[in-house]
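**Student:**
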Amino acid sequence: MTPALQGEGVALRAEALIALRHVALAARGAPALAQLPGGHPTRRKGAGLEPADTRDYVPGDDLRRLDRGTTARTGRLHLREYREERDRVTLLVADFRPVMHWGVGRRFLSVAAAEALCMIGWRLAEEGGRVGLMALTAADAVIVPTRARARGMLDVIGGMVRAHEMGLALAMDGQGDPPLDWLLPRAARLVPPGAEVVLASGFDVPGAELADRLDALARRRALRLLLVTEELERHLPAGRYPIRQRNGRRATVRLSAARPEASEDEAARVAGRAALVIDAGRDPAHIARRIAAEGLRHVG
Numbered sequence: 001m002t003p004a005l006q007g008e009g010v011a012l013r014a015e016a017l018i019a020l021r022h023v024a025l026a027a028r029g030a031p032a033l034a035q036l037p038g039g040h041p042t043r044r045k046g047a048g049l050e051p052a053d054t055r056d057y058v059p060g061d062d063l064r065r066l067d068r069g070t071t072a073r074t075g076r077l078h079l080r081e082y083r084e085e086r087d088r089v090t091l092l093v094a095d096f097r098p099v100m101h102w103g104v105g106r107r108f109l110s111v112a113a114a115e116a117l118c119m120i121g122w123r124l125a126e127e128g129g130r131v132g133l134m135a136l137t138a139a140d141a142v143i144v145p146t147r148a149r150a151r152g153m154l155d156v157i158g159g160m161v162r163a164h165e166m167g168l169a170l171a172m173d174g175q176g177d178p179p180l181d182w183l184l185p186r187a188a189r190l191v192p193p194g195a196e197v198v199l200a201s202g203f204d205v206p207g208a209e210l211a212d213r214l215d216a217l218a219r220r221r222a223l224r225l226l227l228v229t230e231e232l233e234r235h236l237p238a239g240r241y242p243i244r245q246r247n248g249r250r251a252t253v254r255l256s257a258a259r260p261e262a263s264e265d266e267a268a269r270v271a272g273r274a275a276l277v278i279d280a281g282r283d284p285a286h287i288a289r290r291i292a293a294e295g296l297r298h299v300g
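So for the sequence shown, UniProt numbering puts the first residue at 1; every next one is plus one.
#1: Between the segment 271-290 and the segment 223-233, do at least 3 Cβ pairs fall closer than 8 angstroms?
#2: What residue from Arg-80, Ala-19, Met-134, Arg-76 has the CA that sits closest to Leu-66's CA?
#3: Going by the CB atoms, is the gap between Thr-90 and Val-131 shorter than 7 angstroms?
#4: Under DSSP, the beta strand (DSSP E) around Met-134 begins and ends at which residues?
#5: Per DSSP, Asp-56 forms a beta bridge with which residues?
#6: Would you tell me roughly how many angstroms separate the C-alpha atoms of Ala-19 and Ala-188, rounded to the nearest one?
#7: Tell me the rounded alpha-carbon separation between Gly-121 and Leu-92.
#8: Would DSSP call Glu-294 helix, strand or coil?
#9: Residue ranges of each alpha helix (DSSP H) run of no fewer than 4 residues wholly in the segment 108-177, ordered along the chain?
#10: When the Cβ atoms of the segment 185-204 are set against those of the segment 160-174, are three or more pairs found closer than 8 angstroms?
#11: So, helix, strand or coil for Val-23, using DSSP?
#12: Give the DSSP-derived three-state secondary structure of Arg-43 in the structure shown.
#13: Can you list, in chain order, the residues of its chain with a C-beta nearer than 6 angstroms to that of Arg-213? Leave out the 5 residues immediately preceding and following it.
#14: Does Val-205 come out as helix, strand or coil in the three-state DSSP assignment?
#15: Could you tell me whether the Cβ atoms of Phe-108 and Leu-136 are closer together than 7 angstroms?
#16: Leaving out five residues on either side along the sequence, give the residues of the same chain with a beta carbon under 7 angstroms from the beta carbon of residue 313.
#17: Can you tell me where the beta strand (DSSP E) with Leu-227 in it begins and where it stops?
#18: Along the alpha helix (DSSP H) that carries Asp-95, what are the first and last residues, could you check?
#19: Counting only the same chain and skipping the five closest in sequence on each side, list residues whose C-beta sits under 8 angstroms from that of Ala-138.
#20: In three-state DSSP terms, what is Val-10?
#21: Any beta carbon of chain B sitting closer than 7 angstroms to that of Glu-126?
#22: Measuring CB to CB, does Ile-157 end up less than 7 angstroms from Ala-285?
#23: In angstroms with no decimal places, state the Cα-to-Cα distance between Leu-124 and Arg-240.
#24: Near residue 301, what residues of its chain come up, given a Cβ to Cβ distance below 6 angstroms and the 5 sequence neighbours on each side ignored?
#25: Can you check DSSP and say which residues form a bridge with Asp-279?
#26: Please state whether DSSP places Ala-200 in a helix, a strand or coil.
#27: Would residue 302 pass as a contact of Leu-217 if the rule is Cβ separation under 7 angstroms?
#28: If you follow the beta strand (DSSP E) that Ala-268 is in, where does it begin and where does it stop?
#29: Use the C-beta contact count for Glu-126: other C-beta atoms within 10 angstroms, 16 or more gives buried, fewer gives exposed.
In structure tokens, the structure reads:
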């Protein structure tokens, strides 16, 4: 790829996604009650009573879970983790189709989707859950089976980086976007009933059956939707703008003064379902706090 396609905000880098662990965990002090638009607050599942492991303290953690023995041995604050009564299994679904490889602000929508999913994944992994990946491209999907702990998240990150590179190459080759509804049925086969599915997408080129596909996914699983948008694009002044197309040709587009896209301060719905809006122009710390404060849980 050309150097421009390796730049920050365009390419996806494993080290950057790994570093988001600390960003995600630092935001855990936000309220635990979910406040997604259109639903009702629900509390997280209990942590259980069986000790499972210890980990380093992160600002915002509950000091009542301090593990005194490990803290004394290492000289660093450690917290005791408890095993949940039932494993929490989550499939992260990242939309890396060509339509996601663009942006006018800090980064591409595809990169913002990956970052948001990784921060959710890190929190789930730290809470003892198992996390897997289905990354959608214009060709084959990249699948990473669910696995627990940091090792599982590292596998997910590796899959995201591979899929994003593939998706970006397909976009540069001029590959068209398969409808989203064509790609989703596979997700139901990757995780058992009772699992969670978190889908991050701009929901462009949805396909005529998207609502039915989402209903089918949510029937026996907890479905969460992240609507990745570009807030800055809504506020560009009306006028004509030069652009470079995928084939290298230059063109001009005209933008009107009003473009009714969803804002992160507004309630958003996708195919009749509530969605949490992620602004690709905001920094990861802001997005992490928003995810922690809003919560992620099943809404109809």
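Glycine included, every Cβ here is placed at the ideal spot set by N, Cα and C.
**Tutor:** In this structure, then:
#1: yes
#2: Arg-80
#3: yes
#4: 130-136
#5: His-78
#6: 30 angstroms
#7: Their backbone Cα atoms lie some 8 angstroms apart in a straight line.
#8: helix
#9: 109-126, 149-172
#10: Segments in contact, no.
#11: Val-23 falls in the helix class under three-state DSSP.
#12: Since pLDDT at Arg-43 reaches only 40, below the 50 mark, its modelled position is unreliable, and the value read off the structure follows with that caveat. Correct three-state label for Arg-43: coil.
#13: Asp-181, Leu-184
#14: coil
#15: No, Cβ-Cβ distance for Phe-108 and Leu-136 is not below 7 angstroms.
#16: Coverage of the chain is limited to positions 1 through 300, which leaves residue 313 absent and any answer about it impossible.
#17: 222-229
#18: Unbroken run through Asp-95 is the beta strand (DSSP E), 89-95; no alpha helix (DSSP H).
#19: Arg-97, Pro-98, Gly-167, Leu-170, Ala-171, Gln-175, Gly-176, Asp-177, Pro-178
#20: The answer is coil: DSSP assigns Val-10 none of H, G, I, E or B.
#21: You won't find chain B in this structure, because it holds only one protein chain.
#22: no
#23: 45 angstroms
#24: Residue 301 is absent from the model: the chain starts at 1 and stops at 300.
#25: Asp-279 is bridged to Thr-229.
#26: Reduced to three states, the DSSP call for Ala-200 is strand.
#27: In this structure the chain extends from 1 to 300, so residue 302 is not present and cannot be described.
#28: 268-270
#29: buried
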